[in-house]
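Residue numbers (this note's numbering): 58 to 307.
Okay, structure coming up:
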């Protein structure tokens, strides 16, 4: 589903499943970024009693040597507009950053892995989640190039990623068993994993929610493993977060 800038869309009692998004491959530079395998929203979108399941942004290999992998944004939903999710299920969606370019012998370094943002939902607009379930979604950093690279791909917000330009309100909802895993491999620095359930640097309100069983994993390397933080919730920046009447559990 695509809802463009200025569009107003209501989706009710609908299943959005098994869709894919892949940015175009480049012969000479970075591949195109990928956005919203299930839904892309730049307008005003309301989902009610709707299932968003098993939508994927899958990794591609970067053709050009030493070029970093492209990023992936929102396996289930990408929203830069206004998003309201009511009594809906966001399940088993995933986003994986692209693999970095290899090494043609003219340099010691391969390209870094691409970053992954928001396995279930990526939002840079105003987002409200009410009476909904966000479960078993994954953000996975892209692998570095085939020889030595500086960095593995980072992963932010397994269940939900909310960027600084927006706001996020979650009420009467469950966010469970989501993952944000950085990659390592041939990289010197393993990719970071942040916010297994939720990653936010925006204004955040959580009330009457259960955030449980979410996890983060830093990328493993032979040199410097990636950091991992905020298994349930990673909130950063200067904007306030308010959490009330909720559980954040292992």
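From the three backbone atoms N, C-alpha and C, an ideal C-beta is built for every residue, glycine too.
For residue 110, is the classification buried or exposed, using 16 other Cβ atoms within 10 angstroms of its Cβ as the cut-off for buried?
For the purposes of this step, residue 110 is identified with residue 53 of the chain shown, where counting begins at 1. That one is buried.
Since residue 239 and residue 253 are thought to touch, with beta carbons under 8 Å apart, how far apart are those beta carbons, to the nearest angstrom?
Taking the first residue of the chain shown as position 1, residue 239 is located at position 182. Taking the first residue of the chain shown as position 1, residue 253 is located at position 196. Between residue 253 and residue 239 the Cβ distance is about 12 Å, and since that is not below 8 Å, they are no contact.
Judging by CA-CA distance, which residue of 307, 113, 306, 200 is the nearest neighbour of residue 179?
Locating residue 179 in the chain shown gives position 122, where the first residue counts as 1. Comparing Cα-Cα distances from residue 179 to each of 307, 113, 306, 200, the minimum goes to 113.
Going straight from the alpha carbon of residue 213 to that of residue 88, what length do you get?
As a working note, residue 213 is residue 156 in the chain shown. As a working note, residue 88 is residue 31 in the chain shown. The straight-line gap from Cα to Cα measures roughly 20 Å.
Do you know offhand how far residue 243's Cα is from residue 265's?
Numbered from its first residue, the chain shown carries residue 243 at position 186. Numbered from its first residue, the chain shown carries residue 265 at position 208. Using only the alpha carbons, I get a separation of about 43 Å.
Between the Cα of residue 285 and the Cα atoms of 270, 262, 236, which residue gives the shortest distance?
Residue numbering aside, residue 285 sits at position 228 when the chain shown is read from its first letter. Answer by Cα proximity: 236.
May I ask which residues mark the beginning and end of the beta strand (DSSP E) holding residue 153?
Reading the chain shown from its first residue, position 96 is the one you call residue 153. Element bounds for residue 153: 151 to 153.
Just checking, does the stretch 150 to 161 make contact with the stretch 97 to 105 on the three C-beta pairs under 8 Å criterion?
no
Which residue or residues does DSSP assign as beta-bridge partners of residue 211?
The residue labelled residue 211 in the question sits at position 154 within the chain shown. Residue pairing for residue 211: DSSP places it in no beta bridge.
When the Cα atoms are used, what is the spatial distance from residue 219 to residue 207?
Within the chain shown, residue 219 is the residue found at index 162, counting from 1. Within the chain shown, residue 207 is the residue found at index 150, counting from 1. Roughly 27 Å separates the two Cα atoms.
Whole runs of the beta strand (DSSP E) within the stretch 61 to 102, excluding any shorter than 3 residues:
65 to 69, 72 to 74, 96 to 98
Residue ranges of each alpha helix (DSSP H) within the stretch 262 to 294, 4 or longer:
none
If residue 248 and residue 283 are in contact, beta carbons under 8 Å, what's the gap, nearest whole angstrom?
Residue 248 sits at position 191 when you count from the first residue of the chain shown. Residue 283 sits at position 226 when you count from the first residue of the chain shown. Contact holds; Cβ gap of about 5 Å.
Can you name, in chain order, every residue of its own chain whose Cβ lies under 6 Å from the Cβ of residue 147, other than the five neighbours on each side?
Here the question's residue 147 lines up with position 90 in the chain shown. Once the five neighbours on either side are set aside, the close Cβ partners of residue 147 are 109, 133, 177, 191.
Can the beta-carbon of residue 171 be found less than 8 Å from the beta-carbon of residue 216?
Reading the chain shown from its first residue, position 114 is the one you call residue 171. Reading the chain shown from its first residue, position 159 is the one you call residue 216. Not closer than 8 Å, so no.
Within the continuous beta strand (DSSP E) that includes residue 139, where are the two ends?
Numbered from its first residue, the chain shown carries residue 139 at position 82. Looking at the DSSP string, the run of the beta strand (DSSP E) that includes residue 139 is 139 to 143.
Go to residue 307, then tell me how far its beta strand (DSSP E) extends in each direction, as first and last residue.
On the chain shown, residue 307 is found 250 positions in, with the first residue counted as 1. Segment: none, residue 307 is in no beta strand (DSSP E) and carries neither H nor E.
Considering only DSSP beta bridges, list what residue 256 is partnered with.
Residue mapping note: residue 256 aligns to position 199 of the chain shown, counting from 1. Paired residue(s): 218, 291.
Considering just the uninterrupted stretch of the beta strand (DSSP E) at residue 167, what are its terminal residues?
Residue mapping note: residue 167 aligns to position 110 of the chain shown, counting from 1. Looking at the DSSP string, residue 167 is not in any beta strand (DSSP E), and its letter there is neither H nor E.
Rounded straight-line distance, which links the Cα of residue 66 to that of residue 292
Position 235 of the chain shown, counted from the start, is the residue given in the question as residue 292. Position 9 of the chain shown, counted from the start, is the residue given in the question as residue 66. Answer to the nearest angstrom: the Cα atoms are 30 Å apart.
Nearest candidate by alpha-carbon position, reference residue 128, set 115, 139, 259, 137:
Walking along the chain shown from the start, residue 128 turns up at place 71. Ranking the options by Cα distance to residue 128, first place goes to 115.
Measure from the alpha carbon of residue 211 to the alpha carbon of each residue in 276, 68, 195, then state which is nearest.
Taking the chain shown and counting its residues from 1, one reaches residue 211 at position 154. Ranked by how close their Cα comes to the Cα of residue 211, the residues 276, 68, 195 have 276 in first place.
Name the one or two DSSP bridge partners that residue 117 has.
Counting from one through the chain shown, the residue named residue 117 turns up at place 60. Residue 117 is not bridged to any residue.
Cβ of residue 173 within 8 Å of Cβ of residue 157?
Counting from one through the chain shown, the residue named residue 173 turns up at place 116. Counting from one through the chain shown, the residue named residue 157 turns up at place 100. The answer is no: Cβ separation not under 8 Å.
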